[in-house]
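Protein chains in written order, with full-length UniProt numbering: chain A, 1 to 245; chain B, 1 to 287.
By construction, the Cβ of each residue, glycine as well, lies at the ideal position given by its N, Cα and C atoms.
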């Protein structure tokens, strides 16, 4: 088939607990409750997808491919990306047993392997995921590939002076764009777009955890403070607590 | 008018070629009517079609987890949209009625039924509307009604043209579930060549249909394919397709964002015995 002109973009999408959900710690404190909880695409990844689609619309990019590393339900996240205008998707399926221990180091290695075969010109990732707030995958990926990185990007455009040469990794920040909502005809079209599945074994990446989660706790409840009427009262209280002489 | 209000339609048992086909109850028709509007803003304004347009709340259904989709009254409402290949096919038939006039037609993956309805308007002798989604067949019945093509007992009341509704997956079989003298002479395939897998099945079937597929010299069928040019070009060779006509559709008719137009083609598979000048082959006789 005729090759598309323009850059080839690979966009990372992560399925996370929806930003509006009130997260609860599991009774055994091993993690947070995810069963039956609403999930959606990481908001920073939506911004990354939107940027890739806009670059396609501006003819800067010829092909945009979305990739997600996660459980079977990550396919729905990928269908959302396809509905926003991504051309095709790749799902690296992680078995449930290994899911909780998956870390950016593993994800970046998987992405690096995929980059070897897909050979994108630009990888756009969300700057961080709202579940773990790691803010590591983009940076690690760039290091593994030995590509330049431009993190927390608030604008991407071609320029006369090449600040970052492709291939490169870019991570998206909040101000980069406002993602579109996919309409039903695009959701229907997305169902017919190609979605390929792979396993970490196929990519030859070992998912051995490097960290162990000891416990997960709620943040401590903030204790109420005390209000004072005057500066003298304030000094008095501070003396009482032995904080000033 | 001849339009029958959806709630006036009752359950009927209709016999089609030995298959019992139950017309869906008024509830489905009511749902279709509630979530669509009658629309002529497309490439074939001669046809009124019930479509899910930006005026309909369903148009803005959010993607996401399947739980949010459980509120959708339909799964996979492909019939709610007039896809570009179907628009090109219908346009071509309305502009070139000779292709189907007096002939037996099948509309494969008919969706809203537009291509088959265009064939009826162009004077086809009969149309089989085929879609694996029963709701699509209901939408097609509705669209026949709003175009004054009400039917009863398998025929259009006003003209006597025959219509059938089949929900089996017919791809791969030739002839498709018909007795010999009911075998379709023209196959309409709109917007189905969307992936390698789908195209492979269709291409092989198209070649079978074009060759006649039966040992006793039954007539070959003409296969007409409608698809965006970029899509069809990939599969054109495998299915022995040649471009008959090329249309430029505005991007909003193609459900694409941004300005501009898209090229959509109507392709034909010519039977092996075809005259290389491209003249329409003689219809064979069936023993």
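- Report the residues of the stretch 164 to 187 of chain A with a CB closer than 8 Å to any CB of chain B, ordered along the chain. 180, 181, 182, 183, 184, 185, 186 and 187
- Item | Per-residue DSSP class, three states only, for residue 130/B | strand
- Query: Is the Cβ-Cβ distance between residue 139/B and residue 102/B less than 8 Å?
  - Reply: no
- So, residue 189/B versus residue 108/B, is the Cβ gap smaller than 8 Å? yes
- For residue 99/A, which residues of its own chain have a beta-carbon under 8 Å away from its beta-carbon, when the five flanking residues on both sides are left out? 70 and 71
- Task: Measure the CB-CB distance between residue 44/A and residue 138/A and report whether it falls below 8 Å.
- Result: no
- Which term fits residue 230/B, buried or exposed, when burial requires 16 or more other beta carbons within 10 angstroms of its beta carbon? exposed
- Item | Under 9 Å (Cβ pairs) to chain B, residues found in the stretch 190 to 205 of chain A | 190, 191, 192, 193 and 194
- Item | Beta-carbon proximity list for residue 61/B, same chain, < 7 Å, skipping 5 on both sides | Result list for residue 61/B: 72, in chain order.
- Query: Using a C-beta cutoff of 8 Å, does residue 333/B count as contacting chain A?
  - Reply: Residue 333/B is absent from the model: chain B starts at 1 and stops at 287.
- Would you mind telling me which residues of chain A sit closer than 9 Å to residue 194/B, beta carbon to beta carbon, in chain order? Here the neighbours are 189, 192 and 193.
- Would residue 28/B be called buried (16 or more neighbouring beta carbons within 10 Å of its own) or exposed? buried
- Query: So with Cβ pairs under 8 Å, would you call residue 58/B a contact of chain A?
  - Reply: yes
- Leaving out five residues on either side along the sequence, give the residues of the same chain with a beta carbon under 7 Å from the beta carbon of residue 135/A. 127 and 128
- Relative to the C-alpha of residue 209/B, which residue among 151/B, 127/B, 163/B and 268/B is closest? 268/B
- Task: Specify the secondary structure class of residue 8/A as computed by DSSP and reduced to three states.
- Result: strand
- With DSSP as the reference, please indicate the residues paired to residue 68/A in a beta bridge. Beta-bridge partners of residue 68/A (DSSP): 91/A.
- Task: Sort 177/B, 99/B, 201/B and 54/B by Cα distance to residue 244/B and report the nearest one.
- Result: Here the closest residue by C-alpha is 99/B.
- Query: Considering residue 188/A, what are the terminal residues of the beta strand (DSSP E) in which it resides?
  - Reply: Here residue 188/A belongs to no beta strand (DSSP E); instead the alpha helix (DSSP H) covers 184 to 190.
- Proximity test, Cβ basis, 8 Å: residue 51/A and chain B: no
- With 8 Å as the threshold, decide whether the Cβ of residue 229/A is near any Cβ in chain B. No, residue 229/A lies away from the interface with chain B (no Cβ there is under 8 Å from its Cβ).
- Task: For the alpha helix (DSSP H) containing residue 46/A, list its first residue and its last residue.
- Result: For residue 46/A, the enclosing alpha helix (DSSP H) has its first and last residue at 43 to 57.
- Since I believe residue 111/A is in contact with residue 166/A (beta carbons under 8 Å), could you give me their beta-carbon distance rounded to a whole number of angstroms? Incorrect: roughly 16 Å between the Cβ atoms, too far for contact.
- Query: How about the stretch 122 to 141 of chain B and the stretch 164 to 175 of chain B: do they share at least three Cβ pairs that are nearer than 8 Å?
  - Reply: yes
- Test item: CB-CB of residue 266/B and residue 92/B under 8 Å: yes
- Message: Against residue 81/B, what residues of chain A qualify as contacts under a CB-to-CB distance less than 7 Å, listed in chain order?
- Response: Within 7 Å Cβ-Cβ: 185 and 188.
- Is the beta carbon of residue 20/A sitting closer than 8 Å to the one on residue 83/A? no
- Would you mind sorting residue 199/A into buried or exposed? The rule is 16 or more other CB atoms within 10 Å of its CB. exposed
- Residue range of the beta strand (DSSP E) that residue 165/B falls in? Following the DSSP letters along the chain, one finds residue 165/B inside the beta strand (DSSP E) bounded by residues 162 to 166.
- Query: Cβ of residue 61/A within 8 Å of Cβ of residue 12/A?
  - Reply: no
- If you compare alpha carbons, which of 64/A, 186/A, 193/A and 218/A is closest to residue 120/A? 64/A
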